[in-house]
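**Q** Line by line, the protein sequences give chains W and Y. Position 83 (the first sequence) corresponds to 83 in the working numbering; numbering is contiguous. Going from the second sequence to the working numbering is simple: count from 1 and add 119. Sharing a structure with you now.
There are 2 protein chains.
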Amino acid sequence: MKVAPPARKTLDQVARYADMFSAMGTEPRLRIMQLLLSAHPAGLVVGDIQEEVDIPNSTLSHHLEKLKSEGLVNVRRESTFLRYTANTEALQELLRFLYSECCTRNQALKPEEIIRICK
Amino acid sequence: MKVAPPARKTLDQVARYADMFSAMGTEPRLRIMQLLLSAHPAGLVVGDIQEEVDIPNSTLSHHLEKLKSEGLVNVRRESTFLRYTANTEALQELLRFLYSECCTRNQALKPEEIIRICK
DNA sequence: TCTATATTTCTGCAATTATCGAAATATGAA
DNA sequence: TTCATATTTCGATAATTGCAGAAATATAGA
């Protein structure tokens, strides 16, 4: 008996989450996300990030472009500065997805292993 | 005033989580993880996975190698078959890390946006 | 106002590195 | 040996990195 293949829409969703994971899938970019979350909601300008990551500025710029294009960060200009902030809606979606896959849709992990329920 | 840089150990941890995100950072590999979680704890043999993912078998093999090398799956031989299973310990670590960064260490997201607390 | 200069960050391109897939190889069972 | 399952090898294609230069904005001085 053949099982129905996953809906197109579902596969698109998975592809989108995969792209987000990929965006967080290098040490510099994951570190950048940590910094932006620490500075949330104010965010950081590029120069502030630059001081923390020890990579050339053009490389940093490429990394920020990647995070932006996958929707994990937002940017706005402040005169000559560009201020980056974590996109919490996107992170929430991604975290819910991972939590759901591991703990809800399948019961591979127990919720209480991740989070203290009812402190 | 200068802030102390992150400890070496901490950066290594971040690099490891980044590698795990990278391993889940393509549609086929994320799909494979979904399949293995759905089939947990029994797991699946390569042929079973092959039927679901519509990619050449050599490519599938490369993807499985990547997931294995980042510790997201375990493998054991069953005669001529290789049976892959999700490594729930690794997934738990990764999920805890992401949850912690978003909801605990920084309060960028509210826990109740991810999980129903106290059903 | 116009020009020059300084500051911040991005973009273009070339070298390196990683990924994909066809063909060949390995592994185990009968 | 032969068949079935899955990996490994290796060349072609694509992505990443970082240097050099450009773009955007602000400010000062003529």
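Heads up, the beta-carbon is just placed ideally off N, CA and C, and yes, glycines get one too.
Among W:N74, W:N106, W:S100, whose alpha-carbon lies nearest the alpha-carbon of R83 of chain W?
**A** When W:N74, W:N106, W:S100 are compared, the shortest CA-CA separation from R83 of chain W is found for W:N74.
**Q** Is F216 of chain Y closer than 8 angstroms to F21 of chain W when the C-beta atoms are compared?
**A** no
**Q** Would Q92 of chain W pass as a contact of E232 of chain Y if the rule is Cβ separation under 8 angstroms?
**A** yes
**Q** Which bits of chain W does V133 of chain Y rub up against, with CB to CB less than 8 angstroms?
**A** E27, L30, R31, Q34
**Q** Span of the alpha helix (DSSP H) holding V53 of chain W?
**A** 46–53
**Q** Return the CA-CA distance between I236 of chain Y and I117 of chain W, expressed in angstroms with no decimal places.
**A** Taken atom to atom, the span from the alpha-carbon of I236 of chain Y to that of I117 of chain W is near 6 angstroms.
**Q** Identify the contact partners of P230 of chain Y in chain W, using a Cβ-Cβ distance below 7 angstroms as the criterion.
**A** I115
**Q** Which residues does DSSP pair with N74 of chain W in a beta bridge?
**A** W:T85
**Q** At the 8 angstroms Cβ level, is H63 of chain W part of the contact set with chain Y, yes or no?
**A** no
**Q** Thinking just about the alpha-carbon of each residue, which of W:S38, W:E52, W:A108, W:S61 is nearest to the one in H123 of chain Y?
**A** Position check: residue 123 of chain Y holds Ala in this sequence, whereas His was assumed. Nearest C-alpha to A123 of chain Y: W:E52.
**Q** Can you grab the Cα-Cα spacing for the pair D48 of chain W / P230 of chain Y, in whole Å?
**A** The C-alpha of P230 of chain Y is placed about 28 angstroms away from the C-alpha of D48 of chain W.
**Q** How would you label D131 of chain Y, buried or exposed, when you count the other beta carbons within 10 angstroms and need 16 or more for buried?
**A** Around the Cβ of D131 of chain Y, a 10 Å sphere holds fewer than 16 other Cβ atoms; the residue is exposed.
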